[in-house]
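Have a look at the structure below before the remarks.
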Amino acid sequence: MVNLIIASHGDFAKGILMSGTMIFGEQENVEVVTFLPNEGPDDLDKHYQEALAKFDNDDDVLFLVDLWGGSPFNRASLIQQKNPEKTAILSGLNLPMLIEAYGGRLGMNTAAELAAYLVPVARDGVKSIPEAKAADAATDTATEDDTDQPEVVVASEAEHTGHATMNIKLARIDTRLLHGQVATAWTKYANPNRIIVVSDGVARDELRKTLITQAAPVGVKVNVIPLAKYMEVWDDARFSGQKVMLLFENPQDLEKVVSQGAEIPKVNIGSMAHSEGKRMITNAVSVDDNDIDTLKKLRDQGVSFYVQKVPADGEQDIWKLLKDKTKS
Numbered sequence: 421m422v423n424l425i426i427a428s429h430g431d432f433a434k435g436i437l438m439s440g441t442m443i444f445g446e447q448e449n450v451e452v453v454t455f456l457p458n459e460g461p462d463d464l465d466k467h468y469q470e471a472l473a474k475f476d477n478d479d480d481v482l483f484l485v486d487l488w489g490g491s492p493f494n495r496a497s498l499i500q501q502k503n504p505e506k507t508a509i510l511s512g513l514n515l516p517m518l519i520e521a522y523g524g525r526l527g528m529n530t531a532a533e534l535a536a537y538l539v540p541v542a543r544d545g546v547k548s549i550p551e552a553k554a555a556d557a558a559t560d561t562a563t564e565d566d567t568d569q570p571e572v573v574v575a576s577e578a579e580h581t582g583h584a585t586m587n588i589k590l591a592r593i594d595t596r597l598l599h600g601q602v603a604t605a606w607t608k609y610a611n612p613n614r615i616i617v618v619s620d621g622v623a624r625d626e627l628r629k630t631l632i633t634q635a636a637p638v639g640v641k642v643n644v645i646p647l648a649k650y651m652e653v654w655d656d657a658r659f660s661g662q663k664v665m666l667l668f669e670n671p672q673d674l675e676k677v678v679s680q681g682a683e684i685p686k687v688n689i690g691s692m693a694h695s696e697g698k699r700m701i702t703n704a705v706s707v708d709d710n711d712i713d714t715l716k717k718l719r720d721q722g723v724s725f726y727v728q729k730v731p732a733d734g735e736q737d738i739w740k741l742l743k744d745k746t747k748s
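So the sequence shown is numbered by our numbering: it starts at 421 and just counts up by one.
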């Protein structure tokens, strides 16, 4: 696994490390180097050497720096020149670059290979509105005839089989639905080719629906559909072989489709937002009596649950958490 050093002017590196942790979870072999206003090149050299000394392996090192030609870049370049076979530098640090570095280094052994892979990712992370909408629309039009993925919202008559036809790679309860953790970490982990957001509320809200579809990971189709539409397609033979990630806002919506016969055997609880009357059972999951009753109904219908915010976290038993943190 490639070691990472995140370097910047000021505390930017510390902040982006925290953001990356929120989305992808805690990471090993990642060090931060900051260059403060009262410091000089010698201080920066010392920081780099201290960071390198913390890696207890002989793996390659990739420097992710904020600015080409800046002091963090220049001093890292001196290190890279002395050991070009084992080090590489990438400037223009942004959050998409860092997150992709976390995932990409799992399958890449050299810093140079990882750096080359990250360049287009970092560029693609720079978008604007309305230009991004126009570009997305053009891309959809260009690829419309090339895709063999059936459209979830298709109105033609369903071919019901009575059993699940989609390959559910991950079913998740998450108040925020499709956001950074899901679009990056979980999409890489589950490797779906389609994400389906199942929510009556979001399906009626054009703004939220647009924002969610715009957050689609590259190469993954996103649909936002009401609960009734999911009941039409969950056992439709036309979706056989589709690798799907299902997202529900809350356990109540999940229970409605399961009680009507939809087969969803295992569900990840990622985030249930705190509000008045709810009790925190983890730093990301809050429940009230209605939530607990609904989860129990789902359990009685054969659905199993585990709490896991990001793939890097371990799975937690929801029932043990409820026993420990509530009176249930």
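Ideal Cβ positions, reconstructed from N, Cα and C, are used throughout, including at glycine.
The structure presented is a predicted model; accordingly, all values stated were derived computationally and were not measured.
Min CB distance residue i to chain C below 8 Å
i    : result
D673 : The structure shown contains no chain C, having only a single protein chain.
Among the options, nearest to residue i - alpha-carbon criterion
i    : options                   : result
V602 : T633, A584 and I436       : T633
I499 : S439, M442, S548 and I425 : I425
R543 : T530, D720 and G512       : G512
V734 : N423, Q680, S439 and E446 : The sequence shown places Gly at residue 734, rather than the Val named in the question. Answer by Cα proximity: E446.
G430 : A657, V422 and V452       : V452
A578 : I593, M517 and A648       : A648
A693 : A584, D656, I593 and K608 : I593
G489 : G435, A427 and G523       : A427
L472 : L487, P457 and T507       : T507
P685 : R495, F483, L456 and M586 : M586
E626 : V644, V618, A636 and N613 : V644
E459 : P492, Y522, K745 and E683 : P492
D720 : N703, K698, S679 and N514 : S679
K717 : K698, L674 and S695       : L674
P504 : G523, D486 and V481       : V481
F483 : V640, E448, L456 and A532 : A532
V546 : A635, D620 and D744       : A635
Contact under 8 Å by Cβ, residue i with residue j
i    : j    : result
V727 : V707 : no
V638 : L597 : no
A605 : P516 : no
I712 : L741 : no
I615 : L667 : yes
T714 : P671 : yes
A610 : M651 : no
N514 : D479 : no
L464 : L510 : no
P612 : K629 : no
A591 : V687 : yes
A657 : T581 : yes
K729 : R699 : no
Bounding residues of the beta strand (DSSP E) (the contiguous stretch that carries residue i)
i    : result
G690 : K686 to S691
T454 : V450 to F455
L590 : N587 to D594
A496 : A496 -> not in any beta strand (DSSP E); alpha helix (DSSP H) instead, spanning S491 to K502.
I701 : Taken as a continuous stretch (DSSP letters only), I701 belongs to no beta strand (DSSP E), as it is neither H nor E.
V664 : K663 to F668
Contact belief for residue i with residue j at Cβ below 8 Å, rounded distance in angstroms
i    : j    : result
I549 : I443 : About 21 Å; that fails the 8 Å criterion.
M438 : R525 : At roughly 19 Å, the Cβ-Cβ gap does not stay under 8 Å, so M438 and R525 are not in contact.
Enclosing alpha helix (DSSP H) for residue i [first to last residue]
i    : result
H429 : Unbroken run through H429 is the beta strand (DSSP E), N423 to H429; no alpha helix (DSSP H).
A542 : A531 to D544
M442 : F432 to F444
I632 : E626 to Q634
M651 : L647 to V653
I738 : I738 to K745
T714 : D709 to D720
M528 : No alpha helix (DSSP H) holds M528; DSSP gives it neither H nor E.
S679 : P671 to S679
K608 : T607 to A610
Residues that DSSP places opposite residue i in a beta bridge
i    : result
Y726 : N688
V642 : I615
D656 : H580
L482 : L424 and A508
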